[in-house]
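Report on the following structure.
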Amino acid sequence: MTAEPFRGTHTVLVTPFTADGAAPDLAALARLVEHQIANGVRGLIPLGSTGEFLSVSREERAAVVETVLRASAGRVPVIVGTGCEDTREAVALSCEAERMGADGVMVIPPFYSVPTEDELFEHYRRIGEAIGIPVMVYNNPATANVDLLPATVARLSRIDNCRYIKESTLDPTRVRDILALCGDRMTVFAGVLGYESAFLGAVGWVAVCSNVAPALSSAMFEAAAAGDRETALPLYRKLAPLLPFVGGPRYVSGTKAALRMAGMDMGPPRPPRLPLPEADNAALRDVLGGLGLLAA
C-alpha cells in the first residue's frame with residue numbers, strides 16, 4: 006500500500022472490455038495502468054463512474070481491482086470506487102478493497118434513495134468505521150441525486166476516515182467553502198474543474214481526460230496547484246478541446262473512442278451505453294491530432 010497523503014492527478018480509469026463486451030479485458034487494463042504511471046499520473050481510481058461500476062459483476066469487480074493493484078505494484082495509490090445504494094454492500098465492498106490492498110475507497114452517496122443528511126452521515130459513518138483506509142467522499146449531484154453541500158461535508162469530516170472529497174459540481178466556490186468549514190479535516194480533490202479548483206485550494210484532481218492525455222493533464226494540474234498560472238493556463242487551453250468529449254452524457258463512450266484513436270483500444274462501453282456516434286468521431290480525431298495523440 007502507498008502512504009498518504011494523496012495528491013495530484015488521479016485517473017478514474019475506464020474498464021476495458023473484450024470486443025463483444027462479455028468480460029473485462031484485463032491485459033488491456035494492465036497496459037493502461039502502465040501507460041498512466043509512465044506519464045506522470047499520481048494515483049489510479051478503478052470502478053468509478055468512468056469505470057462503469059454499475060455494469061460489472063462482483064467477480065468482475067474483484068478481477069479489475071486485483072489487476073490494477075498488481076500492475077501498479079505500489080508505485081501510486083489505488084483508490085477503489087465502492088459506492089452503491091445499499092449501505093451494507095458499500096461496507097462489504099470497502100472491506101474487500103482494503104483486504105485486497107487498496108489505499109483508499111471512493112464512495113458516491115446512495116443514488117436512488119435521495120438520503121437525508123442524517124442518513125448520509127450514517128451511511129458514511131458505517132463505511133468509515135468498518136475500514137482502516139481513508140474514504141474519499143464523492144459529491145456528484147448530477148448522478149447521485151443528492152448534493153453534498155459544504156455544511157454537510159463539514160459534518161462528514163467529523164468521521165475519522167472521511168478525509169478526502171471529490172467535488173464534482175461546476176461551482177469552484179465549493180472548494181473554498183469546504184476548506185473554510187473543514188480546515189485540515191478534509192482534503193479537496195476537484196472532480197470536473199481541475200484548473201479552477203487548484204487555485205482555490207484543491208490539491209488533487211480526479212480526472213477523466215487523463216485516461217487519454219495523462220502527461221498533459223498531470224502537468225497542467227501540478228502547475229495550477231503550485232500557483233504557476235503562466236505555465237498552467239496554456240496547458241489548460243491546450244487540453245480544453247478534449248474536455249467536451251470526456252465529459253457530459255457520453256463521457257464513457259467518448260473516452261473509449263479517444264483511447265482507440267490513440268492506439269489503446271479499451272473495447273466498447275456496456276449497454277445501455279453505446280459507442281460514440283459516428284458523427285462525433287471526425288471532430289474527436291481532429292482534437293487528438295492537435296494534441297499529438299493520434300496513433301500512426
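In the working numbering, the protein residues as written are 6 to 301. Cβ coordinates follow ideal geometry from the N, Cα and C atoms, glycine included.
Residue i classed as buried or exposed, judged by whether at least 16 other C-beta atoms fall within 10 angstroms
i      : result
Thr157 : buried
Glu94  : exposed
Ser62  : exposed
Ala287 : exposed
Asp108 : buried
Ala301 : exposed
Ala224 : buried
Glu235 : exposed
Selected residue, minimal CA-CA separation from residue i, among the options
i      : options                        : result
Val251 : Thr92, Asp285, Leu49, Glu65    : Asp285
Ala228 : Leu240, Val217, Gly106, Ala218 : Leu240
Val69  : Asp182, Trp210, Ala33, Pro10   : Ala33
Lys261 : Phe22, Pro10, Gly13            : Phe22
Ala218 : Lys243, Ala107, Glu283         : Lys243
Val17  : Ser215, Ile138, Asp91          : Ser215
Thr178 : Gly188, Ile164, Ser162, Ala207 : Ala207
Leu59  : Val257, Ala267, Ala43, Pro280  : Val257
Met146 : Val119, Leu281, Phe11          : It is Pro, not Met, that sits at residue 146 in the sequence shown. Of the candidates Val119, Leu281, Phe11, the one whose C-alpha sits nearest the C-alpha of Pro146 is Val119.
Ile183 : Ser173, Leu98, Pro155          : Pro155
Rounded straight-line distance, which links the Cα of residue j to that of residue i
i      : j      : result
Asp152 : Ala237 : 30 angstroms
Pro51  : Ala24  : 20 angstroms
Asp30  : Thr20  : 8 angstroms
Glu64  : Ala135 : 22 angstroms
Ala185 : Phe204 : 15 angstroms
Pro277 : Asp270 : 20 angstroms
Ala306 : Gly297 : Outside the displayed range of the chain (6 to 301) lies residue 306, so it cannot be described from this structure.
Leu264 : Gly199 : 21 angstroms
Arg163 : Asp123 : 13 angstroms
Arg254 : Gly196 : Position check: residue 254 holds Pro in this sequence, whereas Arg was assumed. Approximately 15 angstroms between the Cα atoms of the pair.
Tyr161 : Phe126 : The identity of residue 161 in the sequence shown is Leu, whereas the question assumes Tyr. Roughly 6 angstroms between the two C-alpha positions.
Ile84  : Gly295 : 32 angstroms
Thr87  : Ser99  : 6 angstroms
Leu293 : Leu299 : 6 angstroms
Glu71  : Met105 : 7 angstroms
For residue i, three-class secondary structure by DSSP
i      : result
Phe116 : coil
Thr23  : coil
Gly133 : helix
Met105 : helix
Leu244 : helix
Pro254 : helix
Arg80  : coil
Phe204 : coil
Phe11  : coil
Ile170 : strand
Thr148 : helix
Does the pairing of the stretch 71-84 with the stretch 24-44 give three or more beta-carbon distances under 8 angstroms?
yes
The stretch 184-204 in contact with the stretch 165-175 per 3-pair CB rule at 8 angstroms:
Between the stretch 184-204 and the stretch 165-175 there are three or more C-beta pairs closer than 8 angstroms, enough to call the two in contact.
Stretch pair the stretch 106-114 + the stretch 130-148: three plus CB contacts closer than 8 angstroms:
yes
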